[in-house]
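Chains A and B, in that order, give the protein sequences. Position 43 of the first sequence, counted from 1, bears residue number 42 in numbering that gives the first Met the number 0, the numbering being contiguous throughout. Position 186 of the second sequence, counted from 1, bears residue number 185 in numbering that gives the first Met the number 0, the numbering being contiguous throughout. A quick write-up on the structure given underneath.
There are 2 protein chains.
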Amino acid sequence: MTALDPRPRVLVLDVNETLSDLSHLRRLVEEAGLPWTIVDLWFAQVLRDGFALAAVGEEAGFADIAAHCLRQLAPDLDDELVDTFVRAFAQLPLHRDVAPGLRALARQGVPVVTLSNGSASVAETLLERDGLRDTVGQVLSVEGAGGWKPAAAAYQVALDACGLDDPADAAMVAVHPWDLHGAEHAGLRTVWVNRRGSTYPTYFAAPDLTVRSFEHLASELT
Amino acid sequence: MTALDPRPRVLVLDVNETLSDLSHLRRLVEEAGLPWTIVDLWFAQVLRDGFALAAVGEEAGFADIAAHCLRQLAPDLDDELVDTFVRAFAQLPLHRDVAPGLRALARQGVPVVTLSNGSASVAETLLERDGLRDTVGQVLSVEGAGGWKPAAAAYQVALDACGLDDPADAAMVAVHPWDLHGAEHAGLRTVWVNRRGSTYPTYFAAPDLTVRSFEHLASELT
């Protein structure tokens, strides 16, 4: 008996940082002569601007926002390197628990889709490179929904794609509390992947289940 | 003739970074043995989480979000120092153009209010310390509006407080493009204070007027 009983009909997985390891970008950035600390700031600013648009019911492309924020942070960076770093989101290694976790979920017959604020092609590339594409049903993006996660419209993309009338039939799985807060607001159940032993913010709705890894999640659903 | 003809009935000023100089916080943070780069990341994360709540029509206190994000970034920081840094937002120096600009606007009879995602007391403290409180009519906060700027409800606080039925009678003045985007969405006119010669993001609505400083703004309104 876990907090996810009855078992969700679909797990909806976030992509950037939840599947992929952003820390790899730090090395690339350092090799270009920039301070590695820029990566966390860059990603926070991209989300800040994407969420600002979501707060007024609008959206822009992840790559466009990422390119602008990086140019502001590193004005001397040439266009080619900006492009390289933006495209690097699709080249990141997956966290080590992701492959065994996704394979275990597939063996257990738990349907899984991904839902990213970035483009679907980034998630496709990440999964295909590690031979994991067949462990995931649909690879979805919020593009065109009218607002990034955590706006309710973004989660509706996954509910519609999976043909779910009751949002509680889906569980959002993410490392980011803001994503789970939005999912909870949209009626989904929520799973926090807390790899680092972080503290959950009290101003966001607490997750239904907290796991240390995707392997842990799979074991909770056996 | 400027882009702000006819002259707005009220200028609505953002507070953090628009009036106050966040770079002073870097020195305080360095004195506590933390990397100064943490300050920009901290502020971006606070806005990220505040905007995430705004995207679902909710809000939390600026100080609560700021305290949580700082604790995550610097887990070893004791509660007293976390408190000190959060309260430091009210102790920052104003940018050098702010005092002469606000005095010039007051001489010219341009009504001015402030509107912050933080508490009104922070803005009160900033203005009073520099003897500028009498240059500003009302010191307003979005607290209780149901969402931080850039959510439309936040700007309504200023419109209501100033008794304006037509939002175009007000002009939002800020350094942050996301703030001006929200203001434009709510029907206000917009002024971008661009002290650093930055590039405006193409995914946000372009400002009606761009100035280098508050002194420049005052000269545009003579």
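We treat Cβ as the ideally placed atom computed from N, Cα and C, and that holds for glycine.
{"Query": "Residues from the stretch 38-49 of chain B in contact with chain A, defined by Cβ distance under 7 Å", "Result": "D39, L40, A43, Q44, L46, R47 and D48"}
{"Query": "Local conformation of A:T124 per DSSP, three classes", "Result": "helix"}
{"Query": "Residue of A:G56, A:P99, A:T36 and A:W35 minimising C-alpha distance to A:V141", "Result": "A:G56"}
{"Query": "Partners in chain A for B:A54, counting only beta-carbon separations shorter than 8 Å", "Result": "F50, A53, A54, G146, W147, P149, A150 and G181"}
{"Query": "Chain A residues whose Cβ lies nearer than 8 Å to that of B:A62", "Result": "Neighbours of B:A62 on chain A: none; closest Cβ ~11 Å, over 8 Å."}
{"Query": "Distance between beta carbons of B:L21 and B:N15, contact taken as under 8 Å", "Result": "7 Å"}
{"Query": "Residue burial classification, B:D164 (beta-carbon count within 10 angstroms, cutoff 16)", "Result": "exposed"}
{"Query": "Inter-residue spacing [alpha-carbon to alpha-carbon] between B:H175 and B:F213", "Result": "15 Å"}
{"Query": "C-beta atoms of B:V28 and B:F84 nearer than 8 Å", "Result": "yes"}
{"Query": "Host alpha helix (DSSP H) of A:S22 (start-end)", "Result": "S22 to E30"}
{"Query": "Integer Cβ distance of B:R47 from A:A43, believed to fall under 8 Å", "Result": "5 Å"}
{"Query": "Assigned secondary structure, A:T221 (DSSP; H/G/I helix, E/B strand, else coil)", "Result": "coil"}
{"Query": "Residues near A:A205 by beta carbon distance below 7 Å, same chain, minus five either side", "Result": "Y199"}
{"Query": "DSSP bridge partner residues for A:S140 (one or two, in chain order)", "Result": "A:S115"}
{"Query": "Neighbour-count burial assignment, A:R211, 16 or more Cβ in a 10 Å radius", "Result": "exposed"}
{"Query": "Alpha helix (DSSP H) runs wholly inside the stretch 2-86 of chain A, at least 4 long, in chain order", "Result": "22-30, 37-54, 61-72 and 78-86"}
{"Query": "C-alpha gap between B:C68 and A:Y154, whole angstroms", "Result": "25 Å"}
{"Query": "B:A169 in three-state terms, based on DSSP", "Result": "strand"}
{"Query": "CA-to-CA distance, B:S118 to B:D159, given in whole angstroms", "Result": "18 Å"}
{"Query": "Interface residues of chain B facing A:R26 [CB-CB closer than 9 Å]", "Result": "Simply none; closest approach about 17 Å."}
{"Query": "Nearest-angstrom Cβ-Cβ length linking B:V138 and B:E123, presumed shorter than 8 Å", "Result": "5 Å"}
{"Query": "Chain A within 8 Å of B:A59, Cβ atoms only", "Result": "yes"}
{"Query": "Per DSSP, the bridge partner or partners of A:V192", "Result": "A:V210"}
{"Query": "Continuous alpha helix (DSSP H) stretch holding B:A150: start and end", "Result": "Unbroken run through B:A150: none, as it is neither H nor E."}
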